[in-house]
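To start, the structure under review is shown below, and the notes come after it.
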Amino acid sequence: MSKHHRIIAAGGIAFLASAAIGPRIVFDRPNEGGGGTKSAAEMAAEVKRDFETKHDKVKEIAEKALAEAEKGASATTTTKELADQAIAGMNEAKSRLDEMEQKMARRRESAEPARSAGERVIEDEGFKAFAGQTRPRGRHIVEVKDISSLTTDAAGSVGGLVDRDRLGMQVEIPQRRMTVRALLAPGTTSSNLIEYDREKLFTNAAAMVAEGALKPQSELQTDEATAPVRTMAHWMRASVQILADAPGLRSMIDQRLRFGLQFVEEGQLLNGSGVGQNLTGLVTAATAYAAPGSLVATSQVDILRLMILQAALAEYPPNGIVMNPIDWAAIEMQKDGDGRYLIGNPQGTISPTLWGLPVVATQAMGVDKALVGAFNLAAQIFDRQDATVEVSTEDQDNFVRNKVTIRAEQRLALAIYRPQAIVYGDLGRVA
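What follows is the structure, given as structure tokens:
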């Protein structure tokens, strides 16, 4: 067979469809309306027969063209034009057939009556084969996915999250932005206790010394201190079925559990009392604010400036300011006599800063309070175990009730090396 013949054999219909318009083949479009007397099944059958007729016509023309090509004759213009029309008609019929089948599938889906779990089990083909054995052995699993969780307002009712093709929880759930950890020096440990020297006082006696003279002695006073690794954890229980049937719930539980740890961590890093299982927080260990140099503050902004000065005079240049969002909003809203904002810019997008330092606004800080300091020099976090989420069904109660326990846990210690590097005090806004 020649190259020309092979092209026709491999793609004959496409080859025949490339000619100009000439004689036409006219196909009658089936009456899809049916005059109101035909069922959906009858209409679908009619559309299918129409497609098959046009497909056969295309096939007939293609076979004729192929036979002519094998004899060495070129396809006539009439044959090419007829093939072009036949293919167009076949494609149109195929499109209508696909549309009809999709409509019927949707109708069947919407009209399908709800079946109970028992009905779905006994009607399952695999179950029928299993039950039809003389002596059935082993087991057969039928996934019925009945949701037994409550859909009321009772605690733990989450059955409403399970629905056909329902897209739930697409928006991030509200969460506080955690920021204090980023201010501190990071670290890890493989122990359950951190032992370190806490700096109390540095006496700098460095001076100019003549050759051969006695050199002055400086003093660095420290205390032996320990930072025990503390555990923070919580858990919740859910049914195995609801976790399998509502993936969004599974991720939400995971997210909520980890967020809960971060929420407690932020509060502990700032305000931990050091009593019992609590960390010793930055506020607890900080140096109290006392205006240095007999300077007088007349506003919250002035107080923050003097707190920065106090830490700087202790030779610890601050790298951040922590305050409550309410106090930061009050500062941003301050205006001059003409009503112009002193600091805030309603149209601004620059990160919050004051006196050249980043402002960390967190609800973990008390209202009308502020913490200023060289946080990276003052303290260090030691992570013993990163936040982990574990799932277990091993509990006996879980087994008999088909429940699963989900636990989140982390372990860390906070070592505060230099209390002089952090200054804590009132802003004086609230009487």
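In the numbering used here, the protein residues as written are -4 to 426. Where is the CB? At the ideal position from N, CA and C, for every residue including glycine.
Secondary structure note for residue 414: it is in no beta strand (DSSP E), with a DSSP letter that is neither H nor E.
DSSP places residue 120 within a helical segment (H, G or I) once states are collapsed to three. The shortest CA-to-CA distance from residue 87 to any of 208, 49, 97 and 59 is the one to 49.
When secondary structure is reduced to three states using DSSP, residue 375 falls in the strand class. Going by C-alpha positions, residue 96 is about 11 Å away from residue 89. Shown here for residue 317: same chain residues with a beta carbon closer than 6 Å to its own, the five before and five after excluded, namely 355, 360 and 366 in chain order. Considering only 289, 404 and 325, the residue with the shortest C-alpha distance to residue 231 is 404.
For residue 231, the enclosing beta strand (DSSP E) stretches over residues 225 to 234. The three-state secondary structure of residue 326, taken from DSSP, is helix. Counting other Cβ atoms within 10 Å of its Cβ, residue 195 stays below 16 and is therefore classed as exposed. Boundaries for residue 359: no beta strand (DSSP E) harbours it, and the DSSP string shows neither H nor E there. Taking the Cα of residue 309 as reference, the smallest distance to any Cα among 334, 262, 254 and 369 is reached at 369. The criterion of a C-beta distance shorter than 8 Å is satisfied by residue 233 and residue 398. Closest option to residue 182, judged by alpha-carbon separation, among 409, 289 and 199: 409.
Beyond the five residues adjoining it in sequence on each side, residue 178 comes within less than 6 Å, by CB distance, of 315 and 370 in the same chain, given in chain order. In chain order, 301 place their CB closer than 7 Å to the CB of residue 290, counting only its own chain and leaving out the 5 sequence neighbours on each side. Apart from the 5 residues on each side of it in sequence, residue 279 sits with its Cβ closer than 8 Å to the Cβ of 266, 267, 268 and 269 in its chain, given in chain order. Residue 194 has 217 as its beta-bridge partners, per DSSP.
Apart from the 5 residues on each side of it in sequence, residue 187 sits with its Cβ closer than 6 Å to the Cβ of 224 in its chain, given in chain order. A direct Cα-Cα distance of roughly 27 Å separates residue 213 from residue 284. Collapsing the DSSP output to three states places residue 37 in a helix. Looking at 61, 313 and 324, the one whose alpha-carbon comes closest to that of residue 351 is 313. Here residue 315 carries a strand assignment [DSSP, helix/strand/coil]. Per DSSP, the beta bridge partners of residue 189 are 222.
Taking a C-beta distance under 8 Å as the contact criterion, residue 276 and residue 264 qualify as a contact pair.
Per DSSP, residue 395 is one residue of the alpha helix (DSSP H) stretching across 391 to 396.
For residue 373, the closest alpha carbon among the candidates 414, 62 and 344 is that of 414. Excluding five sequence positions before and after residue 259, the CB atoms of its chain that fall closer than 6 Å to its own CB belong to 227, given in chain order.
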